[in-house]
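Read through the structure below, which is laid out as structure tokens, and then see the notes.
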Amino acid sequence: DTAVSQTPKYLVTQMGNDKSIKCEQNLGHDTMYWYKQDSKKFLKIMFSYNNKELIINETVPNRFSPKSPDKAHLNLHINSLELGDSAVYFCASSRTNTGELFFGEGSRLTVL
Amino acid sequence: GQQLNQSPQSMFIQEGEDVSMNCTSSSIFNTWLWYKQEPGEGPVLLIALYKAGELTSNGRLTAQFGITRKDSFLNISASIPSDVGIYFCAGTTSGTYKYIFGTGTRLKVLA
Numbered sequence: 131d132t133a134v135s136q137t138p139k140y141l142v143t144q145m146g147n148d149k150s151i152k153c154e155q156n157l158g159h160d161t162m163y164w165y166k167q168d169s170k171k172f173l174k175i176m177f178s179y180n181n182k183e184l185i186i187n188e189t190v191p192n193r194f195s196p197k198s199p200d201k202a203h204l205n206l207h208i209n210s211l212e213l214g215d216s217a218v219y220f221c222a223s224s225r226t227n228t229g230e231l232f233f234g235e236g237s238r239l240t241v242l
Numbered sequence: 004g005q006q007l008n009q010s011p012q013s014m015f016i017q018e019g020e021d022v023s024m025n026c027t028s029s030s031i032f033n034t035w036l037w038y039k040q041e042p043g044e045g046p047v048l049l050i051a052l053y054k055a056g057e058l059t060s061n062g063r064l065t066a067q068f069g070i071t072r073k074d075s076f077l078n079i080s081a082s083i084p085s086d087v088g089i090y091f092c093a094g095t096t097s098g099t100y101k102y103i104f105g106t107g108t109r110l111k112v113l114a
């Protein structure tokens, strides 16, 4: 069983479209995150959630809206996609806010 | 956004050589993590460190939590071709709910 799974693995879309990425973890963790990895491989936090509550929004544009329906799921919806949104988006989870952090396999978004 | 200083940025080494890399922060951390990422995959956790001065091994990998709590080190002994990848450090402080990542060390091993 995959611990942190996200879908889809690849998205290719036109500028201006809306897209969603889904994430699920079966580790029983309380905290979930979205990270963005750019073309230089820098990993930057976007959001963190603890027990379904938003804790961190790291100055991400309003076009990005995360939603956590329960502790095991954290989805990311992106409106009005722009070229600069092209990146790999990683979901991650941890049991506590200082425990081991586990990543999904990533969702590669390409905006044309 | 904040990033940790990680060095070296890249390394080309011969198979069998030892590798050292480090990470420094301007902030104190409670936890240091080390990851390896291969192309097309997510970062995979290698070692977790929770106490200043802690030295932890995972096979040929050894990592240390710096005494100042502002740095960490990763050593790989007797490198093999499958060690190729990007190695990241990450640190966090209790209550911040975010892990800050290093800029990565790209390792290439020549057989």
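Chain order of the listed sequences is A and B. Note that the first sequence covers residues 131 to 242 in this note's numbering. Note that the second sequence covers residues 4 to 114 in this note's numbering. All C-beta atoms in this analysis are idealised placements derived from N, C-alpha and C, irrespective of residue type, glycine included. For clarity, every value in this text was computed on a predicted model and none was experimentally measured.
According to DSSP, what are the bridge partners of residue i?
i	result
B/Thr65	B/Ser60 and B/Asn78
A/Glu183	A/Asn180
B/Val112	B/Ile16
B/Thr95	B/Thr34
A/Arg238	A/Tyr140 and A/Val218
B/Val87	In the DSSP output, where bridge partners are listed per residue, B/Val87 has none listed.
If contacts are defined as beta-carbon pairs under 8 Å, then residue i and residue j qualify, I think. What distance do you get, rounded to the angstrom?
i	j	result
A/Thr161	A/Asn227	6 Å
A/Val134	A/Ala202	That belief does not hold up - the Cβ atoms of A/Val134 and A/Ala202 are roughly 10 Å apart, past 8 Å.
A/Ser178	A/Ile186	4 Å
A/Leu206	A/Gln144	The Cβ separation is near 19 Å, so there is no contact.
A/Lys152	A/Tyr165	A/Lys152 to A/Tyr165, Cβ: 16 Å. No contact.
A/Asn147	A/Leu211	5 Å
B/Gly107	B/Gln17	Incorrect: roughly 21 Å between the Cβ atoms, too far for contact.
If we call anything under 8 Å between Cβ atoms a contact, is residue i one with residue j?
i	j	result
B/Ala51	B/Arg63	no
B/Tyr100	B/Tyr38	no
B/Val47	B/Val87	no
B/Leu49	B/Cys26	no
B/Ala93	B/Phe104	yes
A/Phe220	A/Gly229	no
B/Ser13	B/Arg109	yes
B/Asn33	B/Ser85	no
A/Ser224	A/Leu213	no
For a test of the three-state rule: what should DSSP assign to residue i, helix, strand or coil?
i	result
B/Asp21	coil
A/Leu204	strand
B/Gly107	coil
A/Pro196	strand
A/Ser224	strand
A/Leu211	coil
A/Ser169	coil
B/Ser10	strand
A/Met145	coil
**OP:** Below 7 Å between beta carbons is the criterion; list the residues of the region 158-190 of chain A that meet it against any residue of chain B, in chain order.
**Re:** Thr161, Lys171, Phe172, Leu173, Lys174, Ile175, Ser178, Asn180, Ile185, Ile186 and Glu188
Original post:
Any residues in the region 88-100 of chain B with a beta carbon nearer than 8 Å to a beta carbon of chain A? Which ones, in chain order?
Top reply: Ile89, Phe91, Ala93, Thr95, Thr96, Ser97, Gly98, Thr99 and Tyr100
Original post:
Using Cβ-Cβ distances below 7 Å, what residues of the region 217-228 of chain A are close to chain B?
Top reply: Those residues of the region 217-228 of chain A that come within reach of chain B (Cβ to Cβ, closer than 7 Å) are Phe220, Asn227 and Thr228.
Original post:
For the region 37-67 of chain B, which residues have a beta carbon sitting closer than 7 Å to at least one beta carbon of chain A?
Top reply: Glu44, Gly45, Pro46, Leu48 and Ala51
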